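Residue numbers (the numbering used here): 75 to 724.
Every residue, glycine too, gets a C-beta built ideally from N, C-alpha and C.
Since the model is a prediction, treat every value here as computed from it, not as a measurement.
The structure appears right after this line, and notes come after that.
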């Protein structure tokens with residue numbers, strides 16, 4: 075991608091069009107070029123005003139998280155923002171698309187701001203493990219107030235420029251082409267004799283100290299992550315410290331945050347997810363996925379149809395049992411708010427399976443079809459249910475409303491065109507696609523199987539499943555192994571084989587008629603509105619089989635469970651199931667609720683230390699030796715001082 079800052083002058087206005095790197099990031103070269111262009115425009119006697127614009131529909135986004143993690147080279151974004159704020163000629167920032175994180179800081183440093191009416195702004199940086207580093211926490215409160223600033227920082231939301239909270243931020247919101255609107259604004263500005271308007275001199279947003287202080291107290295009580303806590307302190311500093319001291323305070327707070335393991339994990343989580351969500355499709359060309367045939371009337375199919383309709387896809391919904399079709403349509407109406415006149419239904423056709431296959435781009439099998447399908451040659455057919463996959467399958471996490479993961483199972487006969495269609499469909503439905511080279515199982519399937527096999531081994535040795543789950547919850551995983559098994563359903567889990575000398579402990583609750591969360595009882599007793607309670611019946615049945623219980627520290631449990639996950643991840647990499655460790659982390663975070671604050675199992679393994687995990691697995695005395703023996707490639711990595719991060723794309 076070409077990186078440049080192009081300057082042109084029209085009617086006394088210098089237009090600086092910034093075209094950054096990936097995601098329009100402001101690399102050090104772009105920052106340097108922008109600084110030079112501002113100085114040149116400032117020195118040019120033919121220039122009265124300076125306008126900052128992004129290339130096309132993209133406003134600059136600031137330095138990348140990778141650069142921030144390594145340390146910004148000079149000139150930094152903070153240097154550039156100070157130069158903009160201190161410019162002797164009015165600087166106008168024009169926003170189209172989204173101004174976020176560093177881009178938002180650039181916007182705040184300008185003297186005047188205009189925006190396309192469809193533009194959005196925000197600070198997603200706190201959710202990415204960092205805080206503003208170029209004065210954003212000091213300038214934003216002065217312009218939009220403390221409460222609105224804290225909202226943007228702590229929620230990470232991108233909000234429309236027309237939002238009432240931003241009423242004092244923009245001087246003009248326009249429907250005109252942005253360059254045209256900027257030229258007109260500058261001419262009006264010049265005619266009125268107005269000059270630079272540094273944000274440092276603005277104070278309307280912090281005039282009500284009592285209200286601002288109350289907002290800070292509420293935000294501090296709610297803040298949990300290191301980035302959130304420091305962000306609140308920085309906003310408070312904008313009230314209490316002189317402007318220049320507040321900038322120093324923010325810079326020091328940024329260094330405090332960036333040094334934490336939590337920040338590293340969140341930055342890795344965001345970068346890995348962004349990479350998966352934006353990677354080029356195979357073959358380069360994006361296929362058409364406007365019309366889908368969805369076959370089957372299962373509960374999952376109902377949610378899938380709603381998600382497809384909500385994404386603007388036309389849906390041909392097929393099933394050969396009229397009564398089931400009628401019930402499924404009624405369920406869809408209820409799910410979509412009970413309004414059969416909802417405009418989305420205009421995109422829906424229903425009928426027998428074979429009648430639904432004409433003029434569609436993709437066929438999605440939500441359930442097996444009796445008697446097979448007679449599909450036109452070349453039409454992609456994707457399986458969405460557990461089964462062998464020769465071409466392409468799709469595995470969505472959770473229900474379609476909240477889940478964000480689409481694992482694309484690329485079977486041995488998958489074509490590039492089929493994979494490209496699956497990726498395009500996933501993105502259209504707001505899912506993050508992760509491609510898995512497999513004949514049926516997904517990354518989440520293998521990770522879950524490793525968790526269950528590994529934690530069963532701990533129970534074999536006398537460790538209580540309650541202690542295991544408590545240790546994982548304390549570590550930060552809200553869906554620990556045995557609760558996870560209950561949620562997935564114990565009857566399927568109970569059929570998983572175990573090595574000689576190991577037991578499948580899901581068989582114990584199943585034998586007692588306890589089949590998991592859907593039945594209200596599994597390893598735990600579930601009552602609506604209450605926390606799950608470990609079943610005394612199951613605990614006693616396990617004790618009767620195991621004998622004397624064994625105590626392990628939380629740290630020992632965590633290291634063994636994490637070691638099992640990392641070892642299975644290494645097997646997937648060695649088998650070329652997964653393209654990189656980051657994809658495994660994305661699948662675990664989005665599909666198994668692995669905490670983002672730990673960055674996924676592969677990142678977490680790096681943080682704990684591969685040597686430490688390897689030693690823990692070797693020292694664990696259990697007959698399932700093949701499972702607990704560190705993979706040979708893992709052993710080689712340890713010897714060579716490598717980690718999983720080194721196997722991720724640059």
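- Taking residue 726 as the reference, which of 538, 412, 422 and 589 has the closest Cα? Absent from the model: residue 726. The displayed extent of the chain is 75 to 724, so no value can be given.
- Message: What would DSSP say about residue 560, mapped onto helix, strand or coil?
- Response: Counting from 1 along the chain shown, the entry for residue 560 is found at position 486. It is helical.
- Meets three-Cβ-pair contact criterion under 8 Å: the stretch 326-346 and the stretch 666-675: yes
- Spell out a yes or no on whether the stretch 170-187 and the stretch 361-378 are touching, meaning 3 or more CB-CB pairs, one atom from each, closer than 8 Å. no
- Other residues of its chain near residue 642: CB distance less than 7 Å, five sequence neighbours each side excluded: Indexing the chain shown from 1 puts residue 642 at position 568. 520, 521 and 524, listed in sequence order.
- Message: I need the straight-line Cα distance from residue 293 to residue 278, nearest angstrom please.
- Response: For the purposes of this step, residue 293 is taken as the residue at position 219 of the chain shown. For the purposes of this step, residue 278 is taken as the residue at position 204 of the chain shown. In a straight line, the C-alpha of residue 293 is about 21 Å away from that of residue 278.
- DSSP state of residue 599, grouped into three classes? Indexing the chain shown from 1 puts residue 599 at position 525. Residue 599 falls in the strand class under three-state DSSP.
- Query: How many angstroms separate the CA atom of residue 94 from the CA atom of residue 570?
  - Reply: On the chain shown, position 20 is the one that residue 94 refers to. On the chain shown, position 496 is the one that residue 570 refers to. Cα-Cα distance, rounded: 51 Å.
- Query: If residue 664 and residue 479 are in contact, beta carbons under 8 Å, what's the gap, nearest whole angstrom?
  - Reply: Along the chain shown, one-based indexing puts residue 664 at 590. Along the chain shown, one-based indexing puts residue 479 at 405. At roughly 4 Å, the Cβ-Cβ gap stays under 8 Å, so residue 664 and residue 479 are in contact.
- Task: May I ask you to report which of helix, strand or coil DSSP gives residue 426?
- Result: Counting from 1 along the chain shown, the entry for residue 426 is found at position 352. It is coil, neither helix nor strand.
- Message: In the DSSP output, what is residue 480 paired with across the bridge?
- Response: On the chain shown, position 406 is the one that residue 480 refers to. Answer is 470 and 507, bridged to residue 480.
- Message: Please identify the residue among 101, 166 and 105 whose C-alpha is closest to the C-alpha of residue 141.
- Response: Looking up residue 141 in the chain shown gives position 67. For residue 141, the nearest C-alpha among the options comes from 101.
- Task: Could you tell me if residue 283 is buried or exposed, where buried requires 16 or more neighbouring beta carbons within 10 angstroms of its beta carbon?
- Result: Residue mapping note: residue 283 aligns to position 209 of the chain shown, counting from 1. Per the 10 Å Cβ criterion, exposed.
- Item | Backbone CA spacing between residue 317 and residue 97 [nearest angstrom] | What you label residue 317 is simply residue 243 of the chain shown in a count that begins at 1. What you label residue 97 is simply residue 23 of the chain shown in a count that begins at 1. For residue 317 and residue 97, the distance between alpha carbons rounds to 31 Å.
- So residue 123 is in the beta strand (DSSP E); what residue range does that whole segment cover? As a working note, residue 123 is residue 49 in the chain shown. Counting along the chain, the beta strand (DSSP E) containing residue 123 begins and ends at 123-128.
- Secondary structure at residue 655, three-state DSSP: helix, strand or coil? Along the chain shown, one-based indexing puts residue 655 at 581. It is helical.
- Query: Looking only at DSSP bridge pairs, what is residue 194 linked to?
  - Reply: Within the chain shown, the letter at position 120 stands for residue 194. Answer is 172 and 234, bridged to residue 194.
- Considering only C-alpha positions, which residue in the set 163, 496, 288 and 461 is nearest to residue 359? In the chain shown, residue 359 corresponds to position 285, counting from 1. Per the Cα distances, 496.
- Message: Alpha carbons only, please: which of 463, 516, 430 and 461 is nearest the one belonging to residue 470?
- Response: What you label residue 470 is simply residue 396 of the chain shown in a count that begins at 1. The option with the nearest alpha carbon to residue 470 is 516.
- Task: Thinking residue 513 and residue 651 are a contact (beta carbons under 8 Å), I'd like their distance in whole angstroms, please.
- Result: Translated into positions along the chain shown, residue 513 becomes position 439. Translated into positions along the chain shown, residue 651 becomes position 577. So it is not a contact: roughly 10 Å between Cβ atoms.
- Query: Where do the N-terminal and C-terminal ends of the beta strand (DSSP E) with residue 83 fall, by residue?
  - Reply: Sequence index remark: in the chain shown, residue 83 carries index 9 (1-based). Looking at the DSSP string, the run of the beta strand (DSSP E) that includes residue 83 is 78-84.
- Query: What residues in its chain sit with their C-beta under 8 Å from that of residue 431, if we drop five residues either side in the sequence?
  - Reply: The residue you call residue 431 lines up with position 357 of the chain shown. Only 367, 390, 392, 437, 447, 448, 449, 450 and 453 meet the Cβ criterion.
- Buried versus exposed call for residue 311 [16 or more other C-beta atoms within 10 Å across all chains shown]: In the chain shown, the residue the question calls residue 311 occupies position 237. So residue 311 counts as buried.
- Message: According to DSSP, simplified to helix, strand and coil, what is residue 437?
- Response: Residue mapping note: residue 437 aligns to position 363 of the chain shown, counting from 1. DSSP places residue 437 in strand when its eight states are reduced to three.
- Task: May I have the straight-line CA-CA distance separating residue 419 from residue 373, to the nearest angstrom?
- Result: Position 345 of the chain shown, counted from the first residue, corresponds to residue 419. Position 299 of the chain shown, counted from the first residue, corresponds to residue 373. The straight-line gap from Cα to Cα measures roughly 18 Å.
- Item | Residue range of the unbroken alpha helix (DSSP H) whose run includes residue 677 | Residue mapping note: residue 677 aligns to position 603 of the chain shown, counting from 1. Per DSSP, residue 677 belongs to the alpha helix (DSSP H) from 675-682.
- Task: List the whole-angstrom C-beta distance separating residue 233 from residue 301, where the pair is believed to meet the contact cut-off of C-beta under 8 Å.
- Result: For the purposes of this step, residue 233 is identified with residue 159 of the chain shown, where counting begins at 1. For the purposes of this step, residue 301 is identified with residue 227 of the chain shown, where counting begins at 1. The pair is not a contact, with the Cβ atoms about 19 Å apart (cut-off 8 Å).
- Query: Roughly how many whole angstroms lie between the Cα atoms of residue 376 and residue 406?
  - Reply: In the chain shown, residue 376 corresponds to position 302, counting from 1. In the chain shown, residue 406 corresponds to position 332, counting from 1. Going from the Cα of residue 376 to the Cα of residue 406 covers about 6 Å.
- Nearest CA to the CA of residue 198: which residue from 218, 220 and 225? Looking up residue 198 in the chain shown gives position 124. Selected option, being the one with the closest Cα: 225.
- Query: Is DSSP giving residue 323 helix, strand or coil here?
  - Reply: Walking along the chain shown from the start, residue 323 turns up at place 249. Helix.
- Query: In the structure shown, what three-state DSSP assignment does residue 259 receive?
  - Reply: Looking up residue 259 in the chain shown gives position 185. The answer is helix: DSSP assigns residue 259 an H, G or I state.
- Query: According to DSSP, is residue 189 helix, strand or coil?
  - Reply: Within the chain shown, the letter at position 115 stands for residue 189. Correct three-state label for residue 189: strand.
- Does DSSP put residue 568 in a helix, in a strand, or in coil? Position 494 of the chain shown, counted from the start, is the residue given in the question as residue 568. Three-state DSSP puts residue 568 in coil, outside helix and strand.
- Which of helix, strand or coil does DSSP assign to residue 608? For the purposes of this step, residue 608 is identified with residue 534 of the chain shown, where counting begins at 1. Strand at residue 608.
- Residue interval of the beta strand (DSSP E) (run including residue 694): Locating residue 694 in the chain shown gives position 620, where the first residue counts as 1. Segment: none, residue 694 is in no beta strand (DSSP E) and carries neither H nor E.
- Item | Whole-angstrom C-beta distance between residue 244 and residue 166, which should lie under 8 Å | The residue given as residue 166 occupies position 92 in the chain shown. The residue given as residue 244 occupies position 170 in the chain shown. Actually they do not touch by this definition, with Cβ atoms about 11 Å apart.
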